[in-house]
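Protein sequence lines correspond, in order, to chains A and B.
Under our numbering, think of the first position of the first sequence as 1400, with each following residue one higher.
Under our numbering, think of the first position of the second sequence as 28, with each following residue one higher.
Glycine included, each C-beta is placed from N, C-alpha and C at the ideal position.
Keep in mind it's a predicted model, so treat the numbers as computed, not measured.
Below: one structure, written as C-alpha cells.
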Amino acid sequence: MGRDKDSPEQQFERVFAHYGMIEGFARRRGSRDSAAIAAETLSIAWRRLDELDPHACRPWLLATARNLLLAEYRAHVSVPVDPSTMVVEDPTVPDYEIDSLDPAIDRALASLEPLDREALLLVAWEELTPKEAAASLGIRPATFRVRLHRARRRFEQALEPESHGISPATEVKHQ
Amino acid sequence: MKSMNRLTASNPAPGKLEPPPGLFTRITAAPTSWKQRPSRVRKNVTRGTLALLIALVVGGGVSWATSGEGIVARFERLWGIDVDSGLSSDSSGYGLGEFSILEPMSDDRIEQLPSEVNQSLVGARALPVRGPNGDLKLHLNPGHISAWGHTSTIGGNGMPSQPVDVVSMNGKICAVWSQAFLAYCGTLKEARKEGLSISSNDEPSGIQWTSGAVTDEVKTLRLKGYAGVEVPLKDNFFQLNFAPKKQTVLLGLDENGSVVTRILIPGRPSGSDLAYIRAIKRWQRNPVGPPPNPPGSH
C-alpha cells in the first residue's frame, strides 16, 4: 500500500467521501439504523487508516459494513444457543430482508441463496466491479464471476414465472 | 438483461445520501492508527505464556453482599492493595490491528476503566509475596495499558448477556469478564491460535458457559461435532451458553473458510465435579476450615 504525504485527515477525506455508498448499502439491506452503520464503518476506517488504501477502499468499507449489519441482524433474531435449535447461517452474508421498489423483485431475490443474492446486488445496486465485489466478499474474482453468472440465471428464472402467475419460490424449489 | 435492468431500477435507495453535519469532525477527533502503530510493534511481542485464570475473589456473593461492602472494596481490604494503582497508558497501541473492538488508551481514558476490570487484571500484574510472618501478600507490578475496548456478550438459553472488555497490557491481550471477575491473558499468537477463553458456571442458573475473544481474522465459529452449528460473534467476543456432553473444540474460520483458531470447550462436569463445585460454593459462603479438595486429589 502506497502512503501519500497527506495528513491523516486528508487521507480520510477520500474514505469519508464514500459515506453515501455505505449508508445506501446498509439501507438497501434492511438495516434498522443505516446512518449508524455508516458512521461506525467510517469510525473503524479512521481507527485503522494504516491498513487502508484510501484510493481503493470500497470493498473494505462494504465488508466492514456487512460485518456490522451481521451483528445488527443477529442482535434482532433469536440467538441460537442450543444445538437442537441452532440454525445454519451463511458464513459471510446474513439472510437480509430486502425491501425494493418492486415486490416481484423482492420475491425473486428472496428465492436466492444469501451469497448469490449479495453477488447480484453488489453489481446491480452498489455498482461495484466484479473485482471489487469479489474483494468485498473475500473470494477470488474468478469465483465471484461464476457465482454472479449463476445468481443472474436463477434470478431470471425466478422472475420469469411472475408474468405467468407462477410463484417464483415454487419454481425454484423444484429445480 | 431485461430482468437485470428491472433489478437496477428497483433500487430502494438510489439517490446520494449525505453524511450528518459534524460527523467527519467527530470521527477524526479520535486517535487513528496512521502514525501511532509503527510496524516494529509486532516484533516486540514478548514471547512466552501468561495465561491466567483469575480466581482471586475470596468469599462468596452472600457474605459481601449482606455486609454492604462492594466486592472490589472487600478484595482490596483483604489483600491490602489498591487495584487502580500502578496503571498507566502506553502509546504503542498493541493489538489494534487484530481486534477491531480495541481503541488506543490515553491518560484520560485510563481513569474511566471500571474498578471491576482493574481487579480482574490484578492476576496479570500480581506477584504473591510471603511476608516475614509467613502471611501472603500481593505485590502489583506496573500495568502499561495500550488499548482498551468494551462490549457485551450475547446471552441466551437462560444465561444472561454480560459486560466484557479487551485490554492490551504489558505486551499481552487480556479478555476480561468484569461481572464474573475473570480474565484470560495471552500473546497475539496465542489469541489467534486458541482464542482467549474461559469457562465458568453461572449463578444462580448453574449453566456452564464458555466465552472468549477471537481476532478479526475469525469470521465464523463452528462447534465441532455439532453439524451446522454456528456460534454468533459480536465485537470479537462469543459466548456459548451451554456445555456439550463431551469436551470439543470451537473452530474459528477465516473468510476463506480455513480454520485459524481452535478453542477448547469443556464438556459437562461429572457427578464428582459437580459435588466439588457445590462444596466450594458452600465453603465460599461460609469459609470455615480448609477448602474442599478437588476430585481425584485424595
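| Asked | Found |
| --- | --- |
| Contact set between Ile1504(A) and chain B, taken where Cβ atoms lie within less than 8 angstroms | Arg33, Leu34 and Ser37 |
| Extent of the continuous alpha helix (DSSP H) to which Ala153(B) belongs | From DSSP, Ala153(B) is part of no alpha helix (DSSP H) but of the beta strand (DSSP E) over Ala153 to Arg157. |
| Buried or exposed by the 16-neighbour rule on C-beta atoms within 10 Å, applied to Gly42(B) | exposed |
| Under 8 angstroms by beta carbon: chain A residues contacting Leu6(B) | Residue 6(B) lies beyond the residue range present for chain B, which begins at 28 and ends at 325; the question has no answer from this structure. |
| The beta strand (DSSP E) enclosing Ile1421(A), as first and last residue numbers | It is not in any beta strand (DSSP E) - Ile1421(A) instead sits in the alpha helix (DSSP H) that spans Tyr1418 to Arg1427. |
| Three-state secondary structure (DSSP) of Val194(B) | strand |
| Other residues of its chain near Gln1409(A): CB distance less than 6 angstroms, five sequence neighbours each side excluded | none |
| Pro141(B) versus Ser127(B) - alpha carbon distance | 20 angstroms |
| Reference Ala57(B), options Ala210(B), Pro259(B), Pro131(B) and Asn184(B), closest by Cα | Pro131(B) |
| Residue of Gly233(B), Leu280(B) and Asp262(B) minimising C-alpha distance to Val256(B) | Leu280(B) |
| Proximity test, Cβ basis, 9 angstroms: Ser1499(A) and chain B | yes |
| Cβ pair Arg305(B), Gln235(B) closer than 9 angstroms | no |
| Interface positions of the segment 119 to 134 of chain B facing chain A (Cβ-Cβ less than 9 angstroms), listed along the chain | Leu123, Gly124, Ser127, Leu129, Glu130 and Pro131 |
| Beta-carbon proximity check, Leu1527(A) vs Leu1467(A), cutoff 9 angstroms | no |
| Contacting residues, own chain, Cβ-Cβ under 7 angstroms from Ala202(B) (five flanking each side not counted) | Val191, Val193, Ala210, Tyr211, Leu223, Gly239 and Ala240 |
| Interface residues of chain A facing Thr55(B) [CB-CB closer than 8 angstroms] | Pro1407, Glu1408, Phe1411 and Trp1445 |
| Contact list for the segment 210 to 222 of chain B against chain A, Cβ threshold 9 angstroms | none |
| Limits of the beta strand (DSSP E) - the one that Val203(B) falls within | Lys199 to Trp204 |
| Contact list for Leu1547(A) against chain B, beta-carbon separation under 7 angstroms | Ordered by position in chain B, no residue passes the 7 angstroms Cβ test against Leu1547(A), which lies about 11 angstroms from the chain. |
| Gln266(B) - containing beta strand (DSSP E), residue span | Phe264 to Leu267 |
| Under 9 angstroms between C-beta atoms of Leu129(B) and Ser195(B) | yes |
| Chain A contact residues for Ala240(B), given Cβ-Cβ distances below 8 angstroms | Ordered by position in chain A, no residue passes the 8 angstroms Cβ test against Ala240(B), which lies about 15 angstroms from the chain. |
| Ser37(B), DSSP secondary structure in three states | coil |
| Phe1548(A), buried or exposed, once every other Cβ within 10 Å from all chains shown has been counted against 16 | What sits at residue 1548(A) in the sequence shown is His, not Phe. Exposed: under 16 other Cβ atoms inside 10 Å. |
| Cβ-based neighbour list, Pro1540(A), same chain, cut-off 7 angstroms, excluding 5 preceding and 5 following | Pro1529, Lys1530 and Ala1533 |
| Cβ distance (whole Å) where Leu250(B) is taken to contact Thr275(B) below 8 angstroms | 7 angstroms |
| Close Cβ partners of Val1414(A) (< 6 angstroms) along its chain, the five nearest in sequence each way excluded | Ala1444, Pro1453 and Cys1456 |
| First through last residue of the alpha helix (DSSP H) which encompasses Thr139(B) | Here residue 139(B) turns out to be Gln, not Thr, going by the sequence shown. Careful: Gln139(B) lies outside any alpha helix (DSSP H) and carries neither H nor E. |
| Members of the segment 1431 to 1461 of chain A that neighbour chain B once the beta carbon cut-off is set at 9 angstroms | Ser1433, Ala1434, Ala1437, Ala1438, Leu1441, Ser1442, Ile1443, Ala1444, Trp1445, Arg1446, Arg1447, Leu1448, Asp1449 and Glu1450 |
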